[in-house]
Amino acid sequence: MDGGSGHGFVPPSASFDKSRVLDIKPLRSLVPVFPNPPQAPPFVCSPPFGPFPPGFTPFYPFSVAQGPQSSPELNQHKTPTGATNHETPISASAHLFRTPPHFPGVVNGDAETSREYGVQFLNENSNMGAKQDGFFDDPKRAAPHLRASNSSRKKAKKSKDVDISLSVDNGKGSSKNFVMRFDSLQLDDGNREMVNYVLTTFDALRRRLSQIEEAKESPGGGIKRADLKAANILMSKGVRTNMRKRIGVTPGVEVGDIFFFRMEMCLAGLHAQSMAGIDYMFVKGGLEEEPVAVSIVSSGGYDDDADDADVLIYSGQGGNVNRKDKQVADQKLERGNLALDRSFHRANEVRVVRGVKDVVNPLSKVYVYDGLYTIQESWTEKGKSGCNMFKYKLVRIPGQPGAFAHWKSIQKWKEGFSSRIGLILPDLTSGAESIPVSLVNDVDDEKGPAHFTYFPTLRYSRSFNLKHPSFGCTCQNACLPGDLNCSCIRKNGGDFPYTSNGILVARRPLVHECGPTCPCIPNCKNRMSQTGLKVRLEVFKTNNRGWGLRSWDPIRAGTFICEYAGEVLDKVKVYQERDEGESNEYLFDTTRVYDNAFKWNHEPGLLDEEPSAEPNEYYDIPSPLIISAKYVGNVARFMNHSCSPNVFWQPVLYEHNNESFLHIAFFAIKHIPPLTELTYDYGMLQSENYEVQSNHTPNGKKKCLCGSSNCTGYYG
DNA sequence: GAGCTTTCAGACCC
DNA sequence: CGGGTCTGAAAGCT
1 MDGGSGHGFV PPSASFDKSR VLDIKPLRSL VPVFPNPPQA PPFVCSPPFG
51 PFPPGFTPFY PFSVAQGPQS SPELNQHKTP TGATNHETPI SASAHLFRTP
101 PHFPGVVNGD AETSREYGVQ FLNENSNMGA KQDGFFDDPK RAAPHLRASN
151 SSRKKAKKSK DVDISLSVDN GKGSSKNFVM RFDSLQLDDG NREMVNYVLT
201 TFDALRRRLS QIEEAKESPG GGIKRADLKA ANILMSKGVR TNMRKRIGVT
251 PGVEVGDIFF FRMEMCLAGL HAQSMAGIDY MFVKGGLEEE PVAVSIVSSG
301 GYDDDADDAD VLIYSGQGGN VNRKDKQVAD QKLERGNLAL DRSFHRANEV
351 RVVRGVKDVV NPLSKVYVYD GLYTIQESWT EKGKSGCNMF KYKLVRIPGQ
401 PGAFAHWKSI QKWKEGFSSR IGLILPDLTS GAESIPVSLV NDVDDEKGPA
451 HFTYFPTLRY SRSFNLKHPS FGCTCQNACL PGDLNCSCIR KNGGDFPYTS
501 NGILVARRPL VHECGPTCPC IPNCKNRMSQ TGLKVRLEVF KTNNRGWGLR
551 SWDPIRAGTF ICEYAGEVLD KVKVYQERDE GESNEYLFDT TRVYDNAFKW
601 NHEPGLLDEE PSAEPNEYYD IPSPLIISAK YVGNVARFMN HSCSPNVFWQ
651 PVLYEHNNES FLHIAFFAIK HIPPLTELTY DYGMLQSENY EVQSNHTPNG
701 KKKCLCGSSN CTGYYG
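Start counting the first sequence at 1; every next residue gets the next number (full-length UniProt numbering).
This is the structure in structure tokens:
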């Protein structure tokens, strides 16, 4: 989602009349808001922040540098220049961090931006803590103003800020609950980081809730709908953004972004209706207010025509067309239909979300944000039921990055109706993987990467002495969540590492999968990283970074992508080769350290769990592993580095106590749209381990070309 | 496929 | 008129 070409889109001036931008931002003070109880304890920030393991920075939401990726003009706040700000606890606290505050996928936030976002952390002992009056215990009571409808939103603006209880892990296993407070500014108007934070938080919570539910002996009565539960918690605690409805761009949501639940779009502010297909708002039109459409979701419930990637024939709502229990009737020119009609006459832009069937999970849908459209025609016609229906012809505003059009192309490639432009090889694995991997170059004449042998997993050059006898679980069929008799599950702290549809729930020091001596079936859910590729990948030539890896399929956060295959090397051998001047750009080394640490797991505080319920995210590897994919390897060798990656690696142990079964598995950090390059953070060699390799960059590092707003400049 | 969910808008009432 | 409360609609999800 990051680094996409979708950001910064502004409709062409011909169709972009500033006078029609109806969401002029009210002038607001951006001075941070602070707790001012008479006896509030002093604001101390150091305890939860550090010391940290080497290479890790604390997770610190909302202290974000406003990079160029942030959304366009709707998103530009001015920072106040009041001198008193420098005396505020926030700016004063910023320098207490060992490392600059950090946002997932973003580094080097600073006091300036903290102030801009008006974020605060309050000590839990503060008598401002909203927990005291049970504020958090009842979602219905929590943040009542957030439940107000549009008409009563004024109250929300005058109202107090929203308090959020989150815990901050100090990296030593002990967490301390803090109250994070931020004002209606962030709730009303988002940006890329805010949207990312909300969606990451949502999915982590949803995965955890699914995990808890699936571990129950008798599912049912619990959380059947983890998506609704997670969204409910976040909405009641104010972890959402872009609540202020607007026509046009939603700041922080880029054309091409994908969603797996309707509630994700609610939380991000792209489409505020949890079920309805048409979202609208009221604007002044002459003397009276009138409704205008802001966004629609087309997902096949009605008889729409969505064959063309740039044109959509959308049906109006109502008439009970898709409700079996009710009598069908003519649609009325009211609600969403009226709003679309008004938008047609006013020529307003309407955001369009296209719902498509998920290839991986055909029962569910993927929602693709396809950018801004305008309504060109509107008419009524008799539907199949014989009743009148409204129809609207929406045409995509030109100049926007490809989104739904990509999906259409990919569908054709898969069906063989048209072949991929620049296709060199239909399957570079020569059948070594169960799913083919295309080799594509549509930028220059290079016919392929240097020769290597495709091998899907690890290869050892020496045989390991089994220091400990290897033993697995005793499950006869498939290991089941919640079965604490399964020793593999117990090794994972009692939690099944994956949800039933194969999504990794949380990063862990080490994920324990079932191994060769476990009697469970080969497609036991606890062998996720051993069962080959899950999505249709292609190796492609990038513009400036050699070959890269990307997917034809949409990828959900937590999806297993591939392992790092190759030859396992001795450290000695690696140094030897380096001394001999032999370069190897295809090394994976578990001892590398990370400046751009990110937080991926759920916040226990949002579930009223003990902080210990959240596995810590710092890897604990039995012994260092160095893999060379120079001569032997799989698709992972083509994954490039990025400072704001969309993939992370996770150590996985296939069996107990046996280092020869340690593997490196890659998982998606967030939802990744098709044809978005897959990247992970290569990290840095620890300084005592490497020698100067090159004169070009400091300390033998390579110049980073990831192009993200928080790029550190170098890696390696 | 039925049944259980949500959010928001709109109506109603004080 | 403003604000609280209730109800119904809705292109979801398992």
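Beta carbons: idealized from backbone N, C-alpha and C, even for Gly. Computed from a prediction, not measured in an experiment: that's the story for all the values here.
Applying the 10 Å Cβ sphere with the 16-neighbour rule, what's the burial state of residue i?
| i | result |
| --- | --- |
| S114 | With a pLDDT of only 31 at S114, under 50, the local geometry of the prediction cannot be trusted, and no value is derived from it. |
| G633 | buried |
| P42 | Unreliable positioning characterises P42 in this predicted model, as indicated by a pLDDT of 26, which lies under 50. The coordinate reading is nonetheless provided below. By the 10 Å Cβ count, P42 comes out exposed. |
| A450 | exposed |
| K245 | buried |
| G285 | exposed |
| N695 | Summary for N695: the model assigns pLDDT 37, below 50, so the residue's position carries little reliability; its value from the coordinates is reported in the next sentence. With fewer than 16 Cβ atoms within 10 Å of its Cβ, N695 is classed as exposed. |
| E288 | exposed |
| D681 | buried |
| A230 | buried |
| Q327 | exposed |
| L625 | buried |
| P516 | exposed |
| P497 | buried |
| I421 | exposed |
| F260 | buried |
| G238 | buried |
| P51 | In this predicted model, P51 has a pLDDT of only 30, less than 50, meaning its place in the structure is not dependable; the value taken from the coordinates is given anyway. P51 comes out exposed. |
| N125 | Residue confidence is low: N125 scores 32 on pLDDT, short of 50, so the model does not pin down where it sits. Its coordinate-derived value is still stated next. Under this definition N125 is an exposed residue. |
| Q576 | exposed |
For a quick check, are the C-beta atoms of residue i and residue j less than 8 angstroms apart?
| i | j | result |
| --- | --- | --- |
| Q400 | G371 | yes |
| L429 | R550 | Note on residue identity: the sequence assigns Thr, not Leu, to residue 429. The answer is no: Cβ separation not under 8 angstroms. |
| V292 | R346 | yes |
| S295 | H271 | yes |
| G336 | I375 | no |
| P674 | W552 | yes |
| R592 | L685 | yes |
| C387 | G319 | yes |
| A204 | H671 | no |
| V440 | E538 | yes |
| K541 | V443 | yes |
| E513 | V652 | yes |
| S644 | S708 | yes |
| L333 | S434 | no |
| K384 | D303 | yes |
| E617 | W600 | yes |
| G316 | Q331 | yes |
| E349 | Y373 | yes |
Using DSSP bridges, identify the partner residues of residue i.
| i | result |
| --- | --- |
| M281 | V292 |
| Y715 | K702 |
| H512 | L653 |
| N388 | K382 |
| I258 | V368 |
| A668 | V647 |
| M684 | V593 |
| W547 | K541 |
| N640 | T679 |
| S430 | Looking at the DSSP assignment, S430 forms no beta bridge with any residue, so it has no partner. |
Go to residue i, then tell me how far its alpha helix (DSSP H) extends in each direction, as first and last residue.
| i | result |
| --- | --- |
| W407 | F404 to E415 |
| S343 | R335 to R346 |
| Y197 | R192 to E214 |
| Y575 | K571 to D579 |
| L458 | It is not in any alpha helix (DSSP H) - L458 instead sits in the beta strand (DSSP E) that spans L458 to Y460. |
| L228 | A226 to S236 |
| S487 | S487 to K491 |
What residue range is occupied by the uninterrupted beta strand (DSSP E) comprising residue i?
| i | result |
| --- | --- |
| E538 | L537 to K541 |
| D589 | L587 to D589 |
| K357 | E349 to K357 |
| L439 | V437 to V440 |
| S623 | S623 -> no beta strand (DSSP E), and no H or E assigned at all. |
| L533 | Looking at the DSSP string, L533 is not in any beta strand (DSSP E), and its letter there is neither H nor E. |
| L425 | L423 to L425 |
| F496 | It is not in any beta strand (DSSP E) - F496 carries neither H nor E in the DSSP assignment. |
Output the residue ranges of the alpha helix (DSSP H) runs that lie fully inside the region 298-337 and measure 4 residues or longer, sorted by chain position. none
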